[in-house]
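Working notes for the structure below.
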Amino acid sequence: MKKTVLLLSALLTAFAVVSCETAGKTDDAATQNNEIVQVTEAYEGSSEETAAEVTEAAEEFSIDNLSSFEVKSADLGDDGKWKDDIGSLKKKGNNVSPQLSWDPVEGAGEYVIYMIDTSAYNWMHWKSVSKETDLSTGWAPAEEYKGPYPPAGTGDHNYEVYVFALKEPAETVEGRFDTTNEDFFEVIKSLDNGGGNVISYGRIAGTYAYN
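One gets the numbering used here by counting positions in the sequence shown from 1 and adding 1 to each.
Structure below.
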């Protein structure tokens with residue numbers, strides 16, 4: 002009888018120990034799961050906030066909010082007309098990009114150059130990237146520059162050159178070369194890398210005609 006009581010007591014003690022260990026493991030597992038859930042929720046919340054900040058910055062980008070700098074060109078006459086050489090008409094022009102120069106912009110590591118014909122739905126004639134600030138006549142390669150070729154009978158077309166100063170290289174330089182870009186001022190948002198990458202811009206404009 003005594004042996005039976007002792008054996009029963011030992012079994013009850015062992016069961017109690019196992020139950021405590023099992024409960025402890027269950028509590029530990031629950032705690033770990035809770036921590037994982039909290040970390041996951043915090044990460045997802047942070048990601049959503051970051052995405053929202055990037056989207057907001059992109060939406061806020063506007064050329065009107067940028068400072069500007071002066072761009073000069075030896076290929077723009079005092080009469081406001083671009084020299085014949087920069088055009089690609091058979092009757093005149095050598096299809097060479099115009100000379101451009103500007104003072105280095107503090108903090109800029111790269112510049113993006115565009116030329117658009119605002120008289121023809123922002124037809125893009127030039128799209129280049131440069132680290133230089135003094136570009137000689139004919140600097141741009143043929144795959145990046147197509148000189149003005151306004152149709153006969155359409156009068157003077159207005160050709161605007163934009164130079165954007167960037168902190169870092171653009172993740173993508175958008176813009177449809179040698180065709181219309183009615184959404185040009187939306188296109189240039191691509192240079193901002195989600196926000197704060199475009200420091201300032203320069204602009205120079207002149208006319209070019211078929212005759």
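Backbone N, C-alpha and C fix where the C-beta goes; we use that ideal spot for every residue, glycine too.
Residue pairing by DSSP puts I205 in a beta bridge opposite V162. Distance from L101 to V72 at the Cβ level is roughly 6 Å; contact confirmed, criterion being Cβ atoms closer than 8 Å. For F70, the enclosing beta strand (DSSP E) stretches over residues 68-71. The residues Y211, in chain order, have a CB closer than 7 Å to that of A153 in the same chain once the five nearest residues on each side in sequence are set aside. In this structure D65 is exposed. Its beta-carbon is surrounded by fewer than 16 other beta-carbon atoms within 10 angstroms. The straight-line gap separating the alpha-carbon atoms of F70 and R204 is approximately 8 Å. Per DSSP, S74 has no beta bridge partner at all. The beta carbon of E169 sits closer than 8 Å to the beta carbons of G110, E111, N194, N198 from its chain, once the five residues preceding and following it are set aside; these are given in chain order. Here R177 is near M125, since their CB atoms are less than 8 Å apart.
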